[in-house]
Amino acid sequence: MCGPEFTSKPRGGALAALSSPIDADRLRSICADLAFHTPGHPESNEATHARLTPDAEYDSSILSDLHIVIHSSGDLSRKPEECGTFQQFRFPAAPTSCNKSFVELPLDKPLSLEVGNDGIIGRRVSLYSRSVPSRLVAEGIVGFNFLSRAQPCL
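Counting along the sequence shown from 1, when you hit position 129 you're at 129 in UniProt numbering, and nothing is skipped either side.
Set out below in structure tokens:
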């Protein structure tokens, strides 16, 4: 493609495409993008914010009921509880930024966008319901969310 791309999704940082586990109740599951980024600095090697963008409109109370776990391992063939916990956080009851298409919050401390060591790239991410504590809603793997620059048309 050529020319600029206009989107409200963050570019740069990291992205986990979350989908329902195979055994999930489809009526209570969610598919979403979870972006880790630093607003205004797409080239940053750290993320200061997390943005959850579901594939359909959801009530903000449903989105604020979610608990995110970034696991120590990226192995989706194992049970989530076998993958350890690297980092976890909750979307607050009154998110910093919430509209009908996404919910975003600042992170308590920046996350490194590197592979291995203290980085989150390649790690498994699980999305849990807080109202039903052990209920897994969606999961995925964190990858790079490359910033694509507009290419001139030929």
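Beta carbons: idealized from backbone N, C-alpha and C, even for Gly.
Handout entry: Local conformation of LEU34 per DSSP, three classes
Key = LEU34 falls in the strand class under three-state DSSP.
Exercise for the section: Count the other C-beta atoms from every protein chain shown that fall within 10 angstroms of the C-beta of PRO106, then say buried if there are 16 or more, exposed otherwise. Expected result: Classification for PRO106: exposed.
Practice task
With distances taken Cα to Cα, identify the nearest neighbour of ALA50 among PRO21, SER77, LYS109, GLY84.
Solution key: Minimum Cα-Cα distance from ALA50 among the listed residues PRO21, SER77, LYS109, GLY84 corresponds to LYS109.
Practice task
Please list, in chain order, all residues of the same chain as SER134 whose beta carbon is under 6 Å from its beta carbon, the five residues on each side excluded.
Solution key: Within the same chain, no residue comes within 6 Å of SER134 by CB-CB distance, once the 5 residues on both sides are set aside.
Problem - VAL103 versus GLU43, GLY13, SER44, ASP65, residue with shortest Cα-Cα distance - result: Considering only alpha carbons, the answer is ASP65.
Exercise for the section: Can you have a look at ASN45 and say buried or exposed, based on whether 16 or more other CB atoms are within 10 angstroms of its CB? Expected result: Counting every other CB atom within 10 Å of its CB across the protein chains shown gives ASN45 a total below 16, marking it as exposed.
Problem - Straight-line Cα distance separating ASP55 from CYS31 - result: Going from the Cα of CYS31 to the Cα of ASP55 covers about 6 Å.
Handout entry: Contact under 7 Å by Cβ, LEU127 with LEU18
Key = Taking 7 Å as the Cβ cut-off, LEU127 and LEU18 qualify as a contacting pair.
Handout entry: Three-state secondary structure (DSSP) of PRO106
Key = In this structure, DSSP gives PRO106 an extended state, which the three-state scheme calls strand.
Practice task
Compare the beta carbon distance of VAL125 and VAL142 with 7 Å and say whether it is the shorter of the two.
Solution key: In contact: VAL125 and VAL142 (Cβ atoms closer than 7 Å).
Practice task
Decide if ASN117 is buried, meaning its Cβ has at least 16 other Cβ atoms within 10 Å, or exposed.
Solution key: Burial call: exposed.
Handout entry: As assigned by DSSP and simplified to three states, the class of GLU139
Key = DSSP places GLU139 in strand when its eight states are reduced to three.
Practice task
Compute the Euclidean distance between the alpha carbons of HIS67 and PHE91, then round it to the nearest angstrom.
Solution key: Taking the straight line from one Cα to the other gives about 7 Å.
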